[in-house]
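For the sequence shown, full-length UniProt numbering begins at 1 and goes up steadily by one.
Even for Gly, the Cβ is constructed at its ideal location relative to N, Cα and C.
Okay, structure first, notes after.
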Amino acid sequence: MDALGALLSGPRAQGAFLLRSVFDPPWAVRIRDEAPLTVLSMARGEGWLVPDRGPAVRLRPGDLAVVRGPEPYTVADDPATGPQVVIHPGQVSTTPDGQLLCEELDQGVRTFGSAPDAASVLLSGTYQLRGEVSGRLLRALPAVLLLTAEEWSSPLLPLLAEEIGRDEPGQEVVLDRLLDLLLISALRAHFARPSGAAPAWYRAHGDPVVGPALGLLHADPARPWTVGGLAAEVGSSRAALARRFTELVGEPPMAYLTGWRLALAADLLAEPDATLAAVARRVGYGSAFALSAAFKRVRGVSPQQYRAAAG
Numbered sequence: 001m002d003a004l005g006a007l008l009s010g011p012r013a014q015g016a017f018l019l020r021s022v023f024d025p026p027w028a029v030r031i032r033d034e035a036p037l038t039v040l041s042m043a044r045g046e047g048w049l050v051p052d053r054g055p056a057v058r059l060r061p062g063d064l065a066v067v068r069g070p071e072p073y074t075v076a077d078d079p080a081t082g083p084q085v086v087i088h089p090g091q092v093s094t095t096p097d098g099q100l101l102c103e104e105l106d107q108g109v110r111t112f113g114s115a116p117d118a119a120s121v122l123l124s125g126t127y128q129l130r131g132e133v134s135g136r137l138l139r140a141l142p143a144v145l146l147l148t149a150e151e152w153s154s155p156l157l158p159l160l161a162e163e164i165g166r167d168e169p170g171q172e173v174v175l176d177r178l179l180d181l182l183l184i185s186a187l188r189a190h191f192a193r194p195s196g197a198a199p200a201w202y203r204a205h206g207d208p209v210v211g212p213a214l215g216l217l218h219a220d221p222a223r224p225w226t227v228g229g230l231a232a233e234v235g236s237s238r239a240a241l242a243r244r245f246t247e248l249v250g251e252p253p254m255a256y257l258t259g260w261r262l263a264l265a266a267d268l269l270a271e272p273d274a275t276l277a278a279v280a281r282r283v284g285y286g287s288a289f290a291l292s293a294a295f296k297r298v299r300g301v302s303p304q305q306y307r308a309a310a311g
């Protein structure tokens, strides 16, 4: 398993919020849902993504924007248009002064706005999970990632436009997986371009020694790894692997493994039925006590305190 695949295989979309927003100009929607990640694309017409900090970004049909939360932002036909709708946590929509709009703007299956045949159609997919595994990925992204239709194209966008309005058995799962595929495709394109500023763990995947080592750590974090054992698996000396891994990834192999294990543990703690002992076994700690000690040493809080705060 490569680094990007490992980071995306944990907190996958589960009941993601998929929506088609349909408006005639002038229109503006203020997003205050505090979601960790949202994917946006104009299916018809043009729009602007206006973050609270940073320049406005123009969205044309075929463009894709990935917005990293939880900071609020506005999507509009023009940067100067004032918001008429505000989206709050839980996807509750109101006027700017707080009057509920959910029923008034309901235009059918996953469709929201002024009229089904409006001039502007915005597709959005919102991840609502806050798993710590994705935290490493989110920290590698800019606040707004834009891929234009000229530099990137995907058959997934028209497929999303077609599927988002369907109401069939299993449709929620179909949309979740479609959103995952769209996000992975967009991130691969972003990290591959010269200006993509790919994180060290992503660049290191291409190294003939460190890449396979990362794959092994991601695929089986519970294994009792040592630097020597990892080096033997990838056909390298212990010293050469340690030096090369630290140079490319920015930290030694066992420090990286500890961070990966604790990130996995943090994500698993979000599962209400998971016991601390079970989480410890799954991420490579011999006991709940050992996991608690490592978790508190690195993160400054106990697993129980982390779970309470996350809940």
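Query	Result
Backbone secondary structure at residue 228 - three-state DSSP	helix
Local Cβ density within 10 Å of residue 219, reported as buried at 16 or more and exposed below that	exposed
Residue burial classification, residue 92 (beta-carbon count within 10 angstroms, cutoff 16)	exposed
In chain order, each alpha helix (DSSP H) run of at least 4 residues that lies wholly inside the UniProt domain "HTH araC/xylS-type" (211-309)	227-234, 238-249, 253-268, 276-283 and 288-299
Residues that DSSP places opposite residue 106 in a beta bridge	112
Residues sharing a beta bridge with residue 73, DSSP	31 and 51
Environment of residue 345 [buried if 16+ CB atoms lie within 10 Å]	The structure shown has nothing for residue 345, since the chain only spans 1 to 311.
Spatially closest choice to residue 85 from 38, 162, 26 and 142, by CA coordinates	26
Per-residue burial, residue 301 [other beta carbons within 10 Å of its own, 16 or more giving buried]	exposed
Cross-strand partners of residue 57 (DSSP beta bridge)	49
Residue 209 - DSSP class collapsed to helix/strand/coil	coil
CA nearest to the CA of residue 295, picked from 258, 278, 140 and 271	258
N- and C-terminal bounds of the alpha helix (DSSP H) containing residue 185	171-192
Stretch-stretch touch, CB-based, cutoff 8 Å, three pairs: the stretch 61-80 with the stretch 30-46	yes
Sub-8 Å separation of residue 186 and residue 147 beta-carbons	yes
C-alpha distance - residue 244 paired with residue 105, whole-angstrom precision	56 Å
Exposure of residue 210, with buried meaning 16 or more beta-carbon neighbours within 10 Å	buried
Exposure of residue 315, with buried meaning 16 or more beta-carbon neighbours within 10 Å	The structure shown does not extend to residue 315, since the chain is modelled only from 1 to 311, so the question has no answer here.
Own chain, CB closer than 8 Å to residue 290, minus 5 neighbours either side, in chain order	280
8 Å contact criterion, which residue 72 and residue 30 should meet: CB distance rounded	7 Å
Cβ-Cβ distance between residue 47 and residue 120 below 8 Å	yes
As assigned by DSSP and simplified to three states, the class of residue 136	helix
C-alpha distance - residue 256 paired with residue 107, whole-angstrom precision	48 Å
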